[in-house]
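As given, the protein sequences belong to chains G and L, one line each in that order.
Take -8 as the starting number for the first sequence in my numbering and just add one per residue.
Take 12 as the starting number for the second sequence in my numbering and just add one per residue.
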Amino acid sequence: MRRLESVGMKYKLMVMAVILGPTVLLTAHAADTVDGAAQTTRPPYTVVDGDKVDQKTLDGWKTWRALACERCHGAEQEGLVGPSLVNSLKTLTKEEFHTTVINGRPDKGMPPWGASAMMQKNWEGLYAYLKGRSDGAIKPGHLHPLDSQ
Amino acid sequence: MKMFYALPMLGAVMISSSLCLSGIAAATDTETAMSDPSNWASQAGDYSNHRHSTLDQINADNVAGLQVAWTMSTGVLRGHEGSPLVIGNTMYIHTPFPNNVYAINLADQTYKWKYEPKQDATVIPVMCCDTVNRGLAFGDGKIFLQQADTTLVALDANTGKVVWTVKNGDPKIGETNTNAPHVFGRVVLTGISGGEFGVHGRMQAYDIATGKLLWKAWSTGPDDQLLVDPKKTMTWTNGKMAPIGKDSSLKTWKGDQWKIGGGTTWGWYAYDPKLNLVYYGSGNPSTWNPNQRPGDNKWSMTIFARDLNTGMAKWVYQMTPHDEWDYDGVNEMVLADVPMNGKTIPALVHFDRNGFGYTMNRVTGELLVAQKFDPNVNWATNVDMKTGRPQVNPKFSPGTTGPDVDVKDICPAALGSKDEQPSSYDPKSGLMFVPTNHVCMTYEPFQIEYTAGQPYVGATLTMYPTPNSHGGMGNFIAWDPAAGKIVWSKAERFSVWSGALTTDGGIAFYGTLEGYLKAVSLKDGKELWKFKTPSGIIGNVFTYVYNGKQYVGVYSGIGGWAGIGMAAGLSEGHEGLGAVGGYKDLAKYTTLGGSLFVFGLPDAAASRTASTGVTPTANPIQ
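Written out as C-alpha cells, the structure is:
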C-alpha cells in the first residue's frame, strides 16, 4: 500500500509545484508566522526557484547522491525497495532521522551510516534536503548553490 | 587510491586437479538427471542454457486449457528470481534472503526437509536493492545453495544435512551473492556480486565432493591472477584472433584502480563438455563515473571462455570497453549450433545489457554477428566488426560530456535491453526467444570516493519507457542468431523480467511484471493462454513430468531491479511524451508476494495426449 500512496503523493507534489510556481522564495524568514499567530517551525533549509539551496542543504544532497540513497529510496525519494522519504519525513522527527541514518535498520535493509565521515558531517543537511523534498519546496534532481545563475 | 581491504592477494589459486577430462569421464548424476526431460535438474535444464524442453504434452493446441495444479507459499516477500529444481519425485525450492531451501515430495506436496540458514542481517543493506537469489544446483547427490552472505553450502539431497560449506567473499567490503551456483562435471562454479561497492570480481571453482578450491580467476589485475596466458589467450583483434599480450588488464586501468574495479560474475554460465570450456561474462567496472577510471578497464564487460579444470582462459572478448552506462556483461551464454554460410558453427549466443545480440564461434572466440536486438538502442551506432568495438555516439556518452552533466535519452537504460532474465533457444526453429527491457535513461555521473563496504556508484539515473515507441517498457522477441535479426516482437507494458521456456509443444512461456504467466506461439508470438498470479513474475519458467503428466511452473514475487518500477514515476521531463505504460502504473497491478505456481492440463486432456499421442483440440476451460 505504501507504494500506491507514494504514487499518489507524487501527483500531489506536482500539483503543489504548479500552484507555488517556480519563483517562490521559501526561507526561514518567509516561513515565519503571520501576525505573530500560530508559531510555525522554521524549515531547516533555504531554497530559491526550487533548486537553489543553502550550503548545508547542498552538502546534504551531495551526501544523498554519494551514498547512493536513491538505489533504495528512489531518484525522487518516492520509495523503491525502501520507503518513500517524501512520506516518512512528514512524521519522522529530526532525532529519529539521526538515529536511523547512524544506526540503520539492518533487518529492513537500511545500512548503518555511522562509519561514514560524510554522513557524520552532513546528516543535518541531509535532513534539511529531505525535509524540503517532503514539503514539496525542493525539486527533484540536481541542486545548485543559492548564488548560482 | 589507498586500499582498505585485505583480500588475499596471493595470486590466482591453481591447484592441480585430478579430474578426468569430461569427454572421458562417465556421466555424472547431474548429466543423467538432465538427460531425462521429466526432470528439471539444473537452472537452465542443461549445460547449454537452452531452457528448452522436449516435452510436448502441453502444446500450442491445448495450452488454452492449462489450469493451476497446486501452489505453495515460499514465506518470503521479496523478489523471486530463478526456478525450482525437479529430480525424480522431489522438487527443491529456494527463497530470496534468508535463502531457505525446501525439498517437497511431489506425491503429496509435503516437505521432505527444510534448510533455513541463519545469516547476519547486515548483509541485506549491501545487497541493495533487493535480496534475490537465482536458485539451486544439483550434483554428486547434493543440492548447492549460494547464500547471500557468500557462503556456498552443499546439502545432502535426501536429508538436507550440510555436507560442506565454503566462504567465497566478505560482505563487510560489499561482497555478496545473488547468482545460482553452477555444477559442471565434478566442479561447482560460483561468482560474486557487488559491482556497486567496488569489489574485485572473480570466478571460483570448487571440487564437488569436498568443497576444496580448485581455481580462482579474477576479472581484472595481473596476468597470473587473471589466469590468462599472454601468448595463448586470444581475443578478436583487427578481424582475426590474436594473443592478448602481457598485462592486458593492468594497462587499461589508472594506477591500482583495478583492485576495486568490479567485473563481477553474477550471471548464467554455460559449459561445453566436448571442449571442456566454461563460458561466463563479467560485470561493470566500478565506479559508474567513467571520468574517474580512464582506459578500457579490461576485463570488465567481457565474455570469458575458460578450461573447466584449470580456469585458464582460452579466449576473451570485451563487449563494452570503458563502460559509461552500467551495461554489465553477465547475461546468459547460450551454446547453440548455428547454420551460417552453409556451415554449422559451434556458436555462443549472448544478449548483452548493451543492447547488442552477439553470435561468436565458441571454439575460437571469433566475432560473427553483433546486431541490436532492440532497434531503439542509441548509445552506439554499431559494432565495428573488424575491431569488435562499439561505435559510441558522443551525444549519449556521459564520459564525453563529463561529470555533473545530465545526459538525456540514452537507450537502453542501465538495466539494459535485457538483464539477467534468461532467453530460451528452440533447436527446431534455430531461434532464440528473448525477454527484453525497452527502457531509456538520463545519466549524471559525479565524483565519488571509495570507502570499503559503502556504495561506490557515482552516478544518478532516472529511467522511463523508450520515447517515441509503443509506450511499453518491454518486448518479448524471437531472434535469428545467424542473421542477427528480430523475427517477431511482442510489446509488453512492463519489462519482461522473467526467464523464458520453450518446448517441443511449439510454445514459449514467460512471466510479466503484472503477474501474468503467458504462453505464446513460437511461430508468431500470438498469445495462447495467460494466468494472473498474485504478484509480479521475475522468476524463470520450468517444466517437468510427474506420474506421466507434464507440469509448468514459475515463482510469483516481484522485486529485483525490475521492482524499481513499483513506485518510480516518470521524471518531469518525460511526462509529456504520452508514454502510457510507465512503471508508475505497476502499482495498479500488483504488490509484493512469494509463491510457487504449478500448472497442468485437466486430467482428461493430459491423458488424451499421453495415450494417443494425438493432439487434442483446444479445451476451452477458461
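We put the beta carbon where it would ideally sit given N, CA and C, even for glycine.
Interface flag, residue i vs chain L, CB-CB below 7 Å
i: D98 of chain G; result: yes
i: A66 of chain G; result: yes
i: V72 of chain G; result: yes
i: P102 of chain G; result: yes
i: R124 of chain G; result: no
i: L58 of chain G; result: yes
i: Q140 of chain G; result: no
i: K3 of chain G; result: Because the pLDDT at K3 of chain G is just 37, under 50, the model does not fix this residue reliably, and the point stays unresolved.
i: V(-2) of chain G; result: For V(-2) of chain G, the predicted model reports a pLDDT of 35, less than 50, meaning its position is unreliable; a value from the coordinates is still stated below. V(-2) of chain G counts as touching chain L.
i: L137 of chain G; result: no
Supposed contact pair residue j and residue i - C-beta distance, whole angstroms, cut 8 Å
i: K529 of chain L; j: K541 of chain L; result: 5 Å
i: D98 of chain G; j: A132 of chain L; result: 5 Å
i: G90 of chain L; j: D141 of chain L; result: 5 Å
i: A634 of chain L; j: G399 of chain L; result: In the structure as shown, chain L begins at 12 and stops at 633. Residue 634 of chain L is therefore absent and cannot be evaluated.
i: T189 of chain L; j: N144 of chain L; result: 6 Å
i: G294 of chain L; j: V341 of chain L; result: 5 Å
i: G476 of chain L; j: G95 of chain G; result: Correcting the residue identity first, residue 476 of chain L is Pro in this sequence and not Gly. Not really, about 34 Å apart at Cβ, beyond 8 Å.
i: Q329 of chain L; j: T313 of chain L; result: 5 Å
i: P95 of chain L; j: L512 of chain L; result: No, P95 of chain L and L512 of chain L are not in contact; Cβ-Cβ is about 13 Å, not under 8 Å.
i: L634 of chain L; j: L77 of chain L; result: Residue 634 of chain L cannot be examined here, being either before or after the span of chain L that is shown, 12 to 633.
i: A80 of chain L; j: Y562 of chain L; result: 6 Å
i: W50 of chain G; j: G116 of chain G; result: It is worth fixing the name first, because residue 50 of chain G is Asp in this sequence and not Trp. So it is a contact: roughly 4 Å between Cβ atoms.
i: S204 of chain L; j: S311 of chain L; result: Rounded, the Cβ-Cβ distance is 14 Å, inconsistent with contact.
i: G274 of chain L; j: G212 of chain L; result: 4 Å
i: T523 of chain L; j: E503 of chain L; result: 6 Å
i: K325 of chain L; j: R317 of chain L; result: 7 Å
i: F149 of chain L; j: S53 of chain L; result: 7 Å
Short CB-CB distance (under 7 Å) between residue i and chain G
i: P639 of chain L; result: Shown here, chain L extends from 12 to 633; a query on residue 639 of chain L therefore has no answer.
i: T453 of chain L; result: no
i: D72 of chain L; result: no
Inspect the CB distances between the region 75 to 88 of chain G and the region 468 to 488 of chain L and report whether three or more fall short of 8 Å.
no
Does the region 158 to 173 of chain L come into contact with the region 106 to 125 of chain L, if we say contact requires no fewer than three beta-carbon pairs (one atom in each stretch) closer than 8 Å?
yes
Would you list, in chain order, the members of the region 459 to 475 of chain L that have their beta-carbon closer than 9 Å to a beta-carbon of chain G?
I459, E460, T462, G464, Q465, P466, Y467, V468, G469, A470, T471, L472, T473 and M474
Between the region 190 to 212 of chain L and chain G, which residues of the former have CB atoms less than 9 Å from a CB of the latter, in chain order?
E207
Along the region 132 to 145 of chain L, where does the CB come closer than 8 Å to a CB of chain G? Name the residues.
A132, T133, I135, P136, V137, M138, C139, C140, D141 and T142
Chain G contacts from the region 413 to 440 of chain L (Cβ-Cβ distance under 8 Å)
D415 and D417
Are the region 298 to 314 of chain L and the region 449 to 469 of chain L touching, with three or more C-beta to C-beta distances below 8 Å?
yes
Count Cβ pairs between the region 180 to 199 of chain L and the region 253 to 270 of chain L that sit closer than 8 Å; are there 3 or more?
no
Length-filtered (3 minimum) beta strand (DSSP E) runs lying within the region 261 to 285 of chain L
281 to 283
Decide yes or no for the touch test of the region 463 to 476 of chain L against the region 59 to 67 of chain G: beta carbon pairs closer than 8 Å, at least 3 of them.
yes
3 or more residues per run - each beta strand (DSSP E) lying fully within the region 364 to 427 of chain L
367 to 372, 378 to 383, 391 to 394, 401 to 403 and 418 to 421
If contact is defined by three or more beta carbon pairs under 8 Å, each pair taking one atom from either stretch, is the region 340 to 356 of chain L in contact with the region 408 to 419 of chain L?
no
With a threshold of 8 Å, are at least 3 pairs of Cβ atoms found where one atom belongs to the region 484 to 492 of chain L and the other to the region 436 to 453 of chain L?
yes
Taking the runs of the alpha helix (DSSP H) that are 4 residues or longer, which of them lie wholly in the region 59 to 107 of chain G?
61 to 64, 76 to 79 and 85 to 94
At 4 residues or longer, what runs of the alpha helix (DSSP H) sit wholly inside the region 466 to 543 of chain L?
none
Using Cβ-Cβ distances below 7 Å, what residues of the region 106 to 135 of chain G are close to chain L?
S107 and H133
With contact counted as at least three CB pairs below 8 Å, one residue from each stretch, are the region 497 to 513 of chain L and the region 544 to 558 of chain L in contact?
yes
Curious, which full-length beta strand (DSSP E) runs of at least 3 residues does the region 101 to 146 of chain L contain?
101 to 105, 112 to 116 and 121 to 126
Beta strand (DSSP E) runs contained entirely in the region 165 to 242 of chain L, provided each spans 3 or more residues
173 to 178, 193 to 195, 198 to 201, 213 to 218 and 224 to 229
Beta strand (DSSP E) runs contained entirely in the region 298 to 354 of chain L, provided each spans 3 or more residues:
313 to 318, 324 to 329 and 345 to 351
For the region 272 to 291 of chain L and the region 353 to 373 of chain L, state whether three or more C-beta atom pairs, one from each stretch, are separated by less than 8 Å.
yes
At least three beta-carbon pairs within less than 8 Å, the region 273 to 284 of chain L to the region 239 to 248 of chain L:
no
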